[in-house]
Structures are given as structure tokens and as C-alpha cells.
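Each residue of the sequence shown is one higher than the one before, counting from 0 in numbering that gives the first Met the number 0.
Here a beta-carbon is modelled for each residue, glycine too, at the ideal position from N, C-alpha and C.
Predicted model only: the values in this text are computed from it and were never measured.
Notes to accompany the following structure.
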Amino acid sequence: MATEDRSQYRAEQSASEARRAQCHPFGDPAQAQVFVIGHDPRLQRSDVQAETVFFLDYLGKPKPSKRSEARKYDLASAAVGYIEYLRGGKVPLTEMYFTNLCNEFLPHAPKGGTVLIPDEVAHRGIAEIEKALAHGKPQVIIPMSLQVFYHLARSGFATMTDEQREAFLGKAAPKPRDAQRGAYVQSKPRAFLEVCGEQFMHGRTPVVAVLHVKNWPLRGRFKAYESAMERAATRIGTSVAR
């Protein structure tokens, strides 16, 4: 085998192995009333990788005493508590389904920034989300974060008017220079404020975009989202049968 052929083969093998080493969704889409779409499985400032989305598998056992493991348990608990806040009451774990738009372990973004989810990775993620949705009929879909909703809007997963989509995508599109470094930075500020807490549709299912759980409770610059998150909670609470 020629040197260039061996190099290409190794590159293809590495890519194949990376795709196999994926984070797993949590829950049964056939029973889920609430369908949650997170960002990606790698913690922003850590090499820790979540083999199950938001480490939700940790909730099936006692809270670990080791600090690093306890943090994973706390993230899982926070994710569930966040959805229950948005729902306006308790939600059984059996009625929630969690996944990420990207369940692949991407390299860290430079300087602890937000990692760019490449278009091809987002396309694969949306295809997997569609497969999961085909197994059930959730009452609401909750995408977390600007970049996640950017890909959902761009693909047509979340319906918007042409005017809405053009305006939003123009602001939320990644800056090319940052994208080349593997980082996601929106083209214009405050893009997410225009869609956070608003209701869109995927077929007949409401889609309500919210901040990522890591930004909850609101503090600092995220205080600007108070009204938007109140709208989100109202719309999600109305969508989910009590």
C-alpha cells in the first residue's frame, strides 16, 4: 500500500472510530412528553466526556462521594430540575428524553470558547433526532442554546417565516474567522434574544428554544433573558399536559 494510501486509510479509520465513540441519549422517545436537545457531550473547560447525555445515568444510583463524580451527578440533577422549572412541576424521568444535536466528541474550542458544530455533524444529529421523534409524540421539543437552534432553523426543522429565518440566520451564523479555529461565535450580538422563549413548530409539535442549563439560574449578562425565559416557561407549561 502506497504511503498516501496508508495515510488516507488511517485518517478514515480515525474518523470512523470517532463516530463510534459517541454520547448516548437518555430516555425512551416512545414515552417522552418532553424532548430535550442539548449541545454536545464534552464539557467546555474539561477533558471529561459524558458517555450519556448530561450524565443522566448517574441519577440511577446514590450521589458519589468523590468530588469529580459528584459534579457529574449535580449536572444531571440540574438538567432535570431545569426542565421541571420550565414545565412548572415535577416530570417523571420516564416522560423525558434527552439527546444532543452533536453526540460526537469534538475537539475543544480555543480558549474555552463554544465549540463549533460543523454542518455535516449537525446534519447527522438532526437525522438521529428525527429517527427518535418517529418513535413517539412528545408534547414539546426544547432545544438548548443559540447554536443548536441555529442549525434547527437553518435546516427547516423548526418552522419560521421566511422573514424571521433570514433575519435570525444572518445574526446567528458563525463568524468565518472563528469557525476556521473550531469556535462558534455569532455574527451579530443578541441573536438568541429574538428567538429564546418564542414558540415555533416541528410538524404539529411546539418547539421552544431556551438557554443552556449551564446558564441557569440567570446571572450576569444572562439576566437580559429574564422575560424570554418567563415566556419559555409559560409556553412549555401550556404545551405539556398536566
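Can you list, in chain order, the residues of its chain whose CB lies under 7 Å from that of residue i, leaving out five sequence neighbours each side?
i           : result
residue 225 : 217
residue 238 : 138, 139 and 205
residue 214 : 221
residue 50  : 22 and 23
Might you give, ordered along the chain, the residues of its own chain that have their beta carbon closer than 8 Å to the beta carbon of residue i, omitting 5 neighbours on each side?
i           : result
residue 168 : 149, 152 and 153
residue 83  : 89 and 90
residue 200 : 157, 158 and 206
For a quick check, are the C-beta atoms of residue i and residue j less than 8 Å apart?
i           : j           : result
residue 38  : residue 144 : yes
residue 155 : residue 30  : no
residue 182 : residue 113 : yes
residue 147 : residue 235 : no
residue 81  : residue 28  : no
residue 190 : residue 170 : yes
residue 116 : residue 36  : no
Just mark residue i as buried or exposed, buried being the case when its beta carbon has 16 or more other beta carbons within 10 Å.
i           : result
residue 207 : buried
residue 52  : buried
residue 160 : exposed
residue 79  : buried
residue 26  : buried
residue 33  : buried
residue 223 : exposed
residue 41  : buried
residue 196 : buried
residue 131 : buried
residue 86  : buried
Run through DSSP, which three-state label would residue i get?
i           : result
residue 94  : helix
residue 143 : strand
residue 205 : strand
residue 108 : coil
residue 23  : strand
residue 216 : coil
residue 173 : strand
residue 5   : Unreliable placement is indicated for residue 5, whose pLDDT of 46 sits below 50; the coordinate value is still reported in the next sentence. In this structure, residue 5 counts as helix in the three-state DSSP scheme.
residue 30  : coil
residue 191 : helix
residue 51  : strand
residue 240 : coil
residue 200 : strand
residue 233 : helix
residue 180 : coil
residue 116 : coil
residue 41  : strand
residue 138 : coil
Skipping 5 residues on each side, what residues in its chain have a beta carbon closer than 6 Å to that of residue i?
i           : result
residue 184 : 174 and 177
residue 240 : none
| Touch test, the segment 68–76 against the segment 39–59, Cβ-Cβ under 8 Å, three pairs minimum | The segment 68–76, when compared against the segment 39–59, does touch it at the 8 Å Cβ threshold.
| said: Counting beta carbon pairs with one atom in the segment 118–135 and one in the segment 92–107, are three or more of them shorter than 8 Å? | reply: Contact holds between the segment 92–107 and the segment 118–135, because three or more Cβ pairs, one in each stretch, are under 8 Å apart.
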